[in-house]
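In what follows, a structure is listed as structure tokens, so that the remarks can point back to it.
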Amino acid sequence: CTGEEIFYELCQHCRISQEYVHDVNCLPCILPQIISMFQPRLKEDRPVPVPQGCTNFGFISQFVEVPHDTVFTVEYSVRAAQTAVYKLLNIKKKIPKVSRYDLTLSVNFKAVLKAFKGAGPVEARRNKKHTLCKVALVGLIGAGIAFAVKKFK
Numbered sequence: 144c145t146g147e148e149i150f151y152e153l154c155q156h157c158r159i160s161q162e163y164v165h166d167v168n169c170l171p172c173i174l175p176q177i178i179s180m181f182q183p184r185l186k187e188d189r190p191v192p193v194p195q196g197c198t199n200f201g202f203i204s205q206f207v208e209v210p211h212d213t214v215f216t217v218e219y220s221v222r223a224a225q226t227a228v229y230k231l232l233n234i235k236k237k238i239p240k241v242s243r244y245d246l247t248l249s250v251n252f253k254a255v256l257k258a259f260k261g262a263g264p265v266e267a268r269r270n271k272k273h274t275l276c277k278v279a280l281v282g283l284i285g286a287g288i289a290f291a292v293k294k295f296k
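Quick note: the sequence shown uses our numbering, first residue 144, plus one each step.
Written out as structure tokens, the structure reads:
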């Protein structure tokens, strides 16, 4: 796309008059560093939100180390900022825990239902009774696994 086309599209989305489209100088560019967050790294490659001994500054961004969290999410940015602010200001509130997975039965069952509703070609979905049996079986297996993980954790 040209810069003019990009700006025109933006005007369409924001409901802005296109009378200025021809006067705007919009230069398209790429973000070559966008995948840098997903590159292999060591723990010491990223700073913690508040380095040891610091009392008046901290780091907040996608490029700080937040244990067990996934980069490129709003939650990661918020958790990094909360960690820095709470530590610098000695706030005794807990940072929301990172949830790596959800073992509640309702979430697992909804995921299984969603997976099977659109699965397979049309002919395979016509037999609703067969699909319902598969969903029930997989749901029971998922519930059993969730129960075992919780029980023997």
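Note that the Cβ used here is the ideal one computed from N, Cα and C, for glycine as well. Note that the structure is a prediction, hence the values are computed from the model and not measured.
With 16 other Cβ atoms within 10 Å as the buried cut-off, status of residue i
i: Phe-200; result: exposed
i: Pro-175; result: exposed
i: Val-255; result: buried
i: Asn-251; result: buried
i: Val-167; result: exposed
i: Val-209; result: buried
i: Phe-150; result: buried
Beta-carbon gap between residue i and residue j smaller than 9 Å
i: Val-193; j: Thr-145; result: no
i: Val-207; j: Ala-223; result: yes
i: Ile-238; j: Ser-220; result: no
i: Thr-247; j: Ala-289; result: yes
Closest residue to residue i among the options (Cα-Cα distance)
i: His-211; options: Leu-283, Lys-186, Gly-287; result: Lys-186
i: Thr-198; options: Val-228, Cys-172, Phe-215; result: Val-228
i: Pro-183; options: Gly-196, Lys-253, Val-214; result: Val-214
i: Met-180; options: Lys-230, Lys-235, Phe-290, Gln-205; result: Gln-205
i: Cys-172; options: Lys-235, Asp-188, Glu-147, Leu-232; result: Glu-147
i: Val-316; options: Lys-253, Leu-231, Ile-177, Gln-155; result: No answer is possible for residue 316: the residues shown for the chain start at 144 and end at 296.
i: Glu-218; options: Thr-247, Phe-290, Arg-243; result: Arg-243
i: Cys-169; options: Cys-154, Ile-288, Arg-158, Ile-234; result: Cys-154
Host alpha helix (DSSP H) of residue i (start-end)
i: His-211; result: Element bounds for His-211: n/a, residue is neither H nor E.
i: Leu-153; result: 146 to 157
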